[in-house]
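Undergrad:
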Amino acid sequence: MSMRKAGTVGQFFGLVLVLSLPFYALGITGYPLPFAPALPISAIMAVVPMVAAGLLAYRHGGLPATLHFAGQAVDAHRIPHAGWVIAALSIMPLAFALTAGILWLTGTTLPGLHLFPIMAVTGSFAVFFIGAVGEELGWQAYAYPRLIRRYSALQAALMIGVIWALWHVIPFALMGRSAEWIVWQGGGMVCMRIIIVWLFVNTGHSIVVAVLFHMMSNSVWGVFANFDPWYDPLIMCGVLLVTVVGIVRLSEYDPRITSITQPGKQSTPRL
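For the sequence shown, position 175 (counting from the first letter as 1) is numbered 175 according to the working numbering, and the numbering increases by one without interruption.
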């Protein structure tokens with residue numbers, strides 16, 4: 001089944017918006033998830049990209065296409081070696097640690113670390129994993145392959161990253177975030193999407209690696225009860241931007257770092 005017959009990326013983004021509207025309304029209640037108090041109840045909208053992509057896959061290819069699409073969530077066999085898994089799991093914790101270090105060096109008093117109760121932490125990680133699967137099956141497994149047919153890997157990452165950030169604007173606003181906070185957090189999300197695509201193209205288009213990175217990007221909120229007050233999205237955005245610049249520069253010097261042959265193409269997309 002061709003990409004054209006399988007649905008367009010415009011249809012996907014439009015369906016994501018429509019399916020998200022009830023969850024935006026639910027977020028107005030302000031209630032947290034009962035088993036993950038660090039998260040608002042609207043966090044369950046993380047499954048929307050997966051649902052939207054699954055519906056389009058079913059519409060254009062029936063149950064076989066839908067099962068093939070869903071099967072990408074367990075494609076760990078694509079990963080060439082464990083180093084990429086380590087990178088996916090460690091980049092965001094290191095970025096958070098570096099952000100905390102910069103804040104400390106600039107005179108910010110950081111509170112001691114206080115963990116949420118173990119059941120809350122367990123619940124949060126379960127939500128983060130399920131949410132990461134729900135999002136990445138949409139953004140990376142469905143939208144990215146359609147964009148890469150017309151754009152470079154970096155351009156596709158930027159487009160998905162901007163839409164991903166805009167998708168979060170209403171939930172962030174309902175959580176009481178300032179406009180400045182939302183802008184810098186959105187910038188950080190665009191950088192994160194570029195890193196996800198970098199991991200993705202280097203692991204044979206493995207959704208598992210994208211899911212692991214995405215899950216870890218949310219981990220601190222679900223573990224540390226007092227993390228939110230000192231978190232500065234401006235500094236985090238700067239840290240992630242430096243990381244992205246490093247990836248792009250390395251890609252320029254050595255295309256093997258960020259390349260994967262596309263079906264039907266002789267060229268290799270690069271970041």
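Glycine included, C-beta positions come from ideal geometry on N, C-alpha and C. Because the structure is a prediction, the values reported are computed rather than measured.
#1: Starting from residue 20, follow the alpha helix (DSSP H) in both directions and report where the run begins and ends.
#2: So residue 42 and residue 23 are supposed to be a Cβ contact under 8 angstroms. How far apart are they, rounded?
#3: Just to confirm the assignment, what range does the alpha helix (DSSP H) spanning residue 155 have?
#4: Within its chain, find whatever has a CB closer than 8 angstroms to the CB of residue 1; leave out the 5 residues flanking it on each side and keep chain order.
#5: Exposed or buried, residue 193, counting other C-beta atoms within 10 Å across all chains shown (16 or more means buried)?
#6: Taking residue 86 as the reference, give the member of 15, 183 and 199 with the closest Cα.
#7: Please classify residue 118: is it buried, with 16 or more other beta-carbons within 10 angstroms of its beta-carbon, or exposed?
#8: Within 10 angstroms of its Cβ, does residue 233 collect 16 or more other Cβ (buried), or is it exposed?
#9: What's the gap between the Cα of residue 133 and the Cα of residue 50?
#10: Compute the Euclidean distance between the alpha carbons of residue 55 and residue 16, then round it to the nearest angstrom.
#11: Counting Cβ pairs, one atom from each stretch, are 3 or more of them under 8 angstroms apart for the segment 84-99 and the segment 205-216?
#12: Which residues mark the beginning and the end of the alpha helix (DSSP H) in which residue 182 is found?
#13: Assuming residue 131 and residue 46 are in contact, meaning their beta carbons sit under 8 angstroms apart, how far apart are those beta carbons, in whole angstroms?
TA: If we stick to the structure as given:
#1: Run containing residue 20: 9-27, per the alpha helix (DSSP H) assignment.
#2: Between residue 42 and residue 23, the beta carbon gap of about 5 angstroms places them in contact (Cβ cut-off 8 angstroms).
#3: 153-167 is the span of the alpha helix (DSSP H), which, as asked, contains residue 155.
#4: Confidence in residue 1 is poor, its pLDDT being 48 and thus under 50, which makes the residue's placement too unreliable to answer from.
#5: Residue 193 should be labelled buried.
#6: Between residue 86 and the set 15, 183 and 199, the nearest pair of CA atoms involves 199.
#7: The residue in question, residue 118, is exposed, as its Cβ has fewer than 16 Cβ neighbours within 10 Å.
#8: In the assembly as shown, residue 233 is a buried residue. Its beta-carbon has 16 or more other beta-carbons within 10 Å.
#9: Annotation: residue 133 to residue 50 spans about 8 angstroms, alpha carbon to alpha carbon.
#10: When rounded, the distance between both Cα atoms is 11 angstroms.
#11: Yes, the segment 84-99 is in contact with the segment 205-216.
#12: Per DSSP, residue 182 belongs to the alpha helix (DSSP H) from 179-202.
#13: For residue 131 against residue 46, the beta-carbon gap comes to about 3 angstroms, under 8 angstroms, which counts as contact.
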